[in-house]
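S.K.:
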Amino acid sequence: MVVQERMVRWHYALKSPKRKQWCTPLSLLVVILCICDFTIGKVRSSELTAIPIPRHQSLALARNPLAKIVNGQPAQARQFPWQASIRAALGRSVTVCGGSLIDAQWVLTAAHCANDYTVFQIGFGSIHLNMARLTMSTVSKFVHPEFDPWKLTNDVALIRLPSPVPYSQEIYPIQLPINLSPWDPYVGRQVTVSGFGRTSDAIQSISTVLKFERMRVISNAECMTVYGASIIRNTTMCAVGWERPNQNVCQGDSGGPMVMQHEDHGWVQIGIVSFVSSRGCSTGDPSGYIRTVNYLSWIAKTTGLRNFASIVS
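Going left to right, the sequence shown walks through residues 1 to 313 as the UniProt record's numbering numbers them.
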């Protein structure tokens, strides 16, 4: 997702003039980081070209939300067994997002990854995008009822799998922060984000290898100086690169997990990838995440699960 100060509409046109796809901003301030990535069975991401459209064009909801790890490190096998790749389809148009397995039959992701799509193909168990150990298809999605695509508030969704996934060393759920303080801002903590998104502002295609990056959580007050109070709320958190300012998420990582290694509870998902700055993924501007702890009640109510297998007890 991209936050920007002016109206810009991007038209991602296929090299073949017969096929076109559109990615558009959500508002004057916030747009979705998009790559019109795939058309099923016909077009590959390498066949896309980005073309800026004049600012007088009207705004419309983006069809291909994506956000990738810039300057990240390749993940090792079994390092992130909760990582899910999501191919979301509407007709023949397909986009790619990230997600996290939180229970044997539930995947957590961003609302903008699910809101406009009808069919989802979920991959698990591999650091290679096209070599998932387990793939499931489903049409069962639950977008937060108060999701606002203009301000990106409540940017959270759940996808229900048709059957439970078998746990293994390659496929295992991430814990949710049920025992962590809902008021902890995590400021200064080291966190990790992972995904199959773009690795550079200059590269239009997503990565086929899972990558990760360590980030540092900053205060919402600091983040507001970049994006303003209408975007940064108490349900949002922001982060910058841990070692270098140009470490960040980018197109293709949307919906993926931000995790933290807790001294008492191990790895816990505290955030969901949501947006980055319109100035680019590697400018040093903070990226935005949805605070998972604020949505535990909604997750429990939506899934109907009283005791999550993935939640710290």
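Beta carbons: idealized from backbone N, C-alpha and C, even for Gly.
Who are the near neighbours of residue 267 in its chain, counting only those whose CB is closer than 6 angstroms to its CB and skipping five residues on each side?
M.R.: Counting only Cβ-Cβ distances below 6 angstroms, and skipping sequence neighbours, we find 259, 261.
S.K.: Counting Cβ pairs closer than 8 angstroms, one from the stretch 179–191 and one from the stretch 146–163, do we hit at least three?
M.R.: no
S.K.: Tell me the DSSP secondary structure of residue 298 in three-state form.
M.R.: helix
S.K.: To the nearest angstrom, how far is the alpha carbon of residue 283 from that of residue 249?
M.R.: 11 angstroms
S.K.: Mind pulling the beta strand (DSSP E) runs of 3 or more residues that sit fully within the stretch 142–198?
M.R.: 157–160, 190–195
S.K.: Please tell me whether residue 288 and residue 195 are closer than 8 angstroms, where the distance is taken between their beta carbons.
M.R.: no
S.K.: Could you please give the first and the last residue of the uninterrupted alpha helix (DSSP H) stretch that includes residue 225?
M.R.: 220–227 is the extent of the alpha helix (DSSP H) around residue 225.
S.K.: Given a cut-off of 8 angstroms, decide if residue 86 and residue 118 are closer than it, judged by their beta-carbon atoms.
M.R.: It is not a contact, given that the beta carbons lie outside the stated cut-off.
S.K.: In whole angstroms, give me the CA-to-CA distance for residue 272 and residue 242.
M.R.: Looking at the backbone, the Cα of residue 272 and that of residue 242 are separated by about 18 angstroms.
S.K.: In chain order, what residues of the same chain lie with their CB nearer than 6 angstroms to the CB of residue 235, ignoring the 5 residues before and after it?
M.R.: 291, 294
S.K.: Where does residue 262 fall in DSSP's three states?
M.R.: strand
S.K.: Round the Cβ separation of residue 120 and residue 141 to the nearest angstrom and send it over; I've been treating them as touching at under 8 angstroms.
M.R.: 7 angstroms
S.K.: With DSSP run on the structure shown, which of helix, strand or coil describes residue 238?
M.R.: strand
S.K.: Please confirm whether residue 178 and residue 81 have their CB atoms less than 8 angstroms apart.
M.R.: No. Outside cutoff.
S.K.: Between the alpha carbons of residue 78 and residue 189, how many angstroms are there, rounded?
M.R.: 24 angstroms
S.K.: Taking the runs of the beta strand (DSSP E) that are 3 residues or longer, which of them lie wholly in the stretch 73–142?
M.R.: 83–90, 93–103, 106–109, 119–124, 134–138
S.K.: Straight-line CA distance for residue 158 to residue 168?
M.R.: 22 angstroms
S.K.: How would you call residue 297, buried or exposed, if buried means at least 16 neighbouring beta carbons within 10 angstroms?
M.R.: Around the beta carbon of residue 297, fewer than 16 other beta carbons sit within 10 angstroms, so the residue counts as exposed.
S.K.: Is residue 249 helix, strand or coil by DSSP?
M.R.: coil
S.K.: Taking Cβ to Cβ, would you say residue 161 is nearer than 8 angstroms to residue 102?
M.R.: no
S.K.: Measuring CB to CB, does residue 226 end up less than 8 angstroms from residue 285?
M.R.: yes
S.K.: On the CB-based measure, 16 or more other CB atoms within 10 Å of its CB, does residue 211 come out buried or exposed?
M.R.: buried
S.K.: List the whole-angstrom C-beta distance separating residue 174 from residue 100, where the pair is believed to meet the contact cut-off of C-beta under 8 angstroms.
M.R.: 5 angstroms
S.K.: Within 10 angstroms of its Cβ, does residue 253 collect 16 or more other Cβ (buried), or is it exposed?
M.R.: Buried, because 16 or more other Cβ atoms sit within 10 Å of the Cβ of residue 253.
S.K.: Near residue 232, what residues of its chain come up, given a Cβ to Cβ distance below 6 angstroms and the 5 sequence neighbours on each side ignored?
M.R.: 220, 223, 224
S.K.: Report the rounded CA-to-CA distance for residue 131 versus residue 73, giving the unit in angstroms.
M.R.: 19 angstroms
S.K.: Can you give me the start and stop residues for the beta strand (DSSP E) that residue 287 sits inside?
M.R.: 287–291
S.K.: Suppose you measure from the CA of residue 128 to the CA of residue 135; what does that come to, to the nearest Å?
M.R.: 13 angstroms
S.K.: In the DSSP output, which residue or residues are listed as bridge partners for residue 216?
M.R.: 190, 240
S.K.: Express the C-alpha separation of residue 75 and residue 304 in angstroms, rounding to a whole number.
M.R.: For residue 304 and residue 75, the distance between alpha carbons rounds to 33 angstroms.
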